[in-house]
Amino acid sequence: MQKRKQTGIFSEARFRVLRTLYFDKDGVSLREISHRSNVSLHGVQVATQSLLRLGLISKRREKERVIFKIVENHFEYKAIEAMIRALVMADMRKQAEDDSIANRNTLSALDDLREFSARIQKGTSETRKSL
């Protein structure tokens, strides 16, 4: 059985649900939250029940679906917003660093390929001269 990851006072699933709802102010269905957050449908159901009890999100019925929305006037909203923004910025910085390393590795590989190609060309011309 896999242990649940904790992000401070929130489980990782609760944080991902909050982050998904934060970026979609109109509200999102359970399945869409699951898809966007990469959390199982069961994990989203458990997380939303907990967040509903805390009053951090609300739900409404829309046709055949239940739509969840973050409660912007909750007294903890500003703290949650700051946390989400900080973590998103950290993710963006990490991605930029990873991209930078990947770009350096790609450039290095291209330099190696050019050098190898030049050696092959030089070897081919020397072989032709000797014939």
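Numbering (the numbering used here), first residue to last: 6 to 136. Heads up, the beta-carbon is just placed ideally off N, CA and C, and yes, glycines get one too.
**Request:** From the DSSP output, in three-state form, read off Lys64 for me.
**Result:** strand
**Asked** Grouping DSSP H, G and I as helix and E and B as strand, with all else coil, what is Phe73?
**Response** strand
**Message:** For a quick check, are the C-beta atoms of Leu26 and Lys99 less than 8 Å apart?
**Reply:** no
**Request:** Evaluate the contact criterion for the stretch 64-83 versus the stretch 29-37: three or more CB pairs, one atom per stretch, below 8 Å.
**Result:** yes
**Request:** Within its chain, find whatever has a CB closer than 7 Å to the CB of Ser113; leave out the 5 residues flanking it on each side and keep chain order.
**Result:** none
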